[in-house]
Amino acid sequence: MFRIQWWKELSGTVQIGGSKNAALPIIAAALLIDGKVTLTNVPEIGDVFTFLNIIKEIWVKVEFQNHVLKLDSSELKHASFDLEEIKKIRVSILLLAPLLQRLGKISIPTPGGCNLWARPIDAHLWGLTNIWYSSIVTEESIELEWKSEDGDIIINAGLGVTSTENLLVANVLRKGKTTIKMSAIEPHVMNLIDFLRKAWANISIRYDHTIIVEWVENLEWNFECSVISDYIQSGSYMVMGALCAKDYITIENARVDDLYIYIEKLKEAWVKIEVWENDSVKVYKTQNIIPVNIQTNIYPGFPTDLQSPFAVLMTQADWISKIHEVLFEWRLGWLVELEKMWLQKTIHNPHEAEITGKAQLEWTTVTSWDLRAGCAVVIAGLIAEWQTDVTNIAYIKRWYEDFVINLQNLWADIEEIVA
0 MFRIQWWKEL SGTVQIGGSK NAALPIIAAA LLIDGKVTLT NVPEIGDVFT FLNIIKEIWV
60 KVEFQNHVLK LDSSELKHAS FDLEEIKKIR VSILLLAPLL QRLGKISIPT PGGCNLWARP
120 IDAHLWGLTN IWYSSIVTEE SIELEWKSED GDIIINAGLG VTSTENLLVA NVLRKGKTTI
180 KMSAIEPHVM NLIDFLRKAW ANISIRYDHT IIVEWVENLE WNFECSVISD YIQSGSYMVM
240 GALCAKDYIT IENARVDDLY IYIEKLKEAW VKIEVWENDS VKVYKTQNII PVNIQTNIYP
300 GFPTDLQSPF AVLMTQADWI SKIHEVLFEW RLGWLVELEK MWLQKTIHNP HEAEITGKAQ
360 LEWTTVTSWD LRAGCAVVIA GLIAEWQTDV TNIAYIKRWY EDFVINLQNL WADIEEIVA
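Each residue of the sequence shown is one higher than the one before, starting from 0 at the first, in numbering that gives the first Met the number 0.
Right, dumping it as structure tokens:
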């Protein structure tokens, strides 16, 4: 449990670390490579450690220290997976493509993950069966086998991030040209492409969400690749600065270019942001916040993962703001936690809500619904009266590295209470 004391003005600098959404697909893709690779700027968080525990079971050698991860999958072989580890994270679905390439078949328990209701894996399986893998899917497991066939093919990724990543990895060593239509182009997908290109994969990107993968016979090994910083964390700290700064806070490694529409929405709300050439920003305390309507979308639209921190910002706007969550059903359900703090809100349906601003949030105990909503209720606790307790913090620890330490360094009054 986190315990947050009201109202501590923030100041100082926070440095944004590596992106979980970038690191995990790259770790999975490294299993394609019959040798050693080194990854830098890897976040030391729960989901990364869980994923490393999973791949150790299939004889991958792992060295991980000070954000540098060295992997050697030259001795990769079949083994049974730990059901409890697989169930912890949905991203274990990324094991499908590299292990099919290396081993010819795979059987994994159906992955777990966040509390985001309907997040189907159909796009992953559809793409893999389109290159002639056979599949058997039950409530408990996913099984695929046989080698893929040669030839040119066009596949639809359905704009899904993880499905795009799986299809990229599945096709870099398949003989023929693979055209992936309706590909996701999020920054972490581009980071995966950078990694694969360092291994001499032949990948090109077109303007219309199309990625083309041309066959190469082998992938190189013994190279280094850096994981990008987490632009979603950066956006979360921007809201903290607007609401809680004494004067301003500085955010380094902010990935400003990845946050264009988000920063535009902050400016529309009258948040003052100064962008510096070294990819750092200053976010100033905002006294008069203007209500802004947002609609989440695929990249480069407004990020769904920043919907919840932005909603907390809107609790202090001077009238009603509207949120349209396009991508996930009931992701707005977490707003009931702010209702416990006496926020006036209306959830119209699984995708739309209204927030009435100028709320004086009251002290209470709230819980984390998912990775991002967990950060949002912490931000709410920073501006709520007296004391806020946040439970179910495992979600937050899965994503935000050194979260409590970073906030304490900004002079927030927060501590972790261990039962």
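Quick reminder that beta carbons are idealized off the backbone N, C-alpha and C, glycines included.
With residue i as the anchor, note down where its alpha helix (DSSP H) starts and where it stops.
i, result
"Ser235", "230-243"
"Ser162", "160-170"
"Val335", "334-339"
"Lys19", "19-28"
"Lys448", "Any answer about residue 448 is impossible in this case: the structure gives the chain only from 0 up to 418."
"Val377", "370-382"
"Gln100", "95-102"
Identify the residues that DSSP records as bridge partners of residue i: which are they?
i, result
"Cys224", "Leu38"
"Pro389", "According to the sequence as given, residue 389 is Val; it is not Pro. Val389 pairs with Phe1, Val365."
"His323", "Gln294, Glu351"
"Ile179", "Ile154, Ile210"
"Thr314", "None; Thr314 has no bridge partner."
"Gln407", "Answer by DSSP bridge pairing: none, since Gln407 is not bridged."
"Pro299", "Note: Pro299 sits in no beta bridge, so no partner."
"Phe402", "Beta-bridge pairing links Phe402 to no other residue."
"Phe63", "Leu68"
"Tyr247", "Tyr283"
"Ser106", "Glu142"
Determine the extent of the beta strand (DSSP E) in which residue i is found, giving its start and end residues.
i, result
"Gly11", "9-14"
"Val420", "There is no way to answer for residue 420, as the model of the chain reaches only from 0 to 418."
"Leu143", "140-144"
"Asp71", "67-71"
"Tyr261", "Looking at the DSSP string, Tyr261 is not in any beta strand (DSSP E); the run it does join, the alpha helix (DSSP H), is 259-267."
"Val282", "280-283"
"Asn201", "201-204"
"Gln343", "No beta strand (DSSP E) holds Gln343; DSSP gives it neither H nor E."
"Phe80", "Where Phe80 is concerned, there is no enclosing beta strand (DSSP E), given that its DSSP letter is neither H nor E."
"Glu273", "272-274"
"Glu415", "413-415"
Given a threshold of 16 other Cβ atoms within 10 Å of its Cβ, counted over all protein chains shown, does residue i qualify as buried or as exposed?
i, result
"Leu115", "In this predicted model, Leu115 has a pLDDT of only 44, less than 50, meaning its place in the structure is not dependable; the value taken from the coordinates is given anyway. Looking at its Cβ environment, which holds 16 or more other Cβ atoms inside 10 Å, Leu115 is buried."
"Thr12", "exposed"
"Asp257", "buried"
"Asn277", "exposed"
"Arg205", "exposed"
"Ala117", "Legend: pLDDT at Ala117 = 43, less than 50; position of this residue unreliable, value from coordinates given subsequently. Under this definition Ala117 is an exposed residue."
"Asn348", "exposed"
"Asn221", "exposed"
"Val282", "buried"
"Ala27", "buried"
"Trp318", "exposed"
My guess is that residue i and residue j are in contact by the Cβ rule of under 8 Å, so how many angstroms apart are they, rounded?
i, j, result
"Ile272", "Val280", "6 Å"
"Thr161", "Leu93", "7 Å"
"Val171", "Val226", "Actually they do not touch by this definition, with Cβ atoms about 19 Å apart."
"Ala66", "Asn40", "Residue identity check: residue 66 is His in the sequence provided, not Ala. Sure, about 6 Å apart at Cβ, within 8 Å."
"Val270", "Ala241", "4 Å"
"Gly300", "Ile260", "6 Å"
"Val377", "Ile44", "The pair is not a contact, with the Cβ atoms about 16 Å apart (cut-off 8 Å)."
"Thr387", "Thr366", "That pair is no contact at about 11 Å."
"Gln100", "Leu31", "6 Å"
"Arg371", "Ser307", "5 Å"
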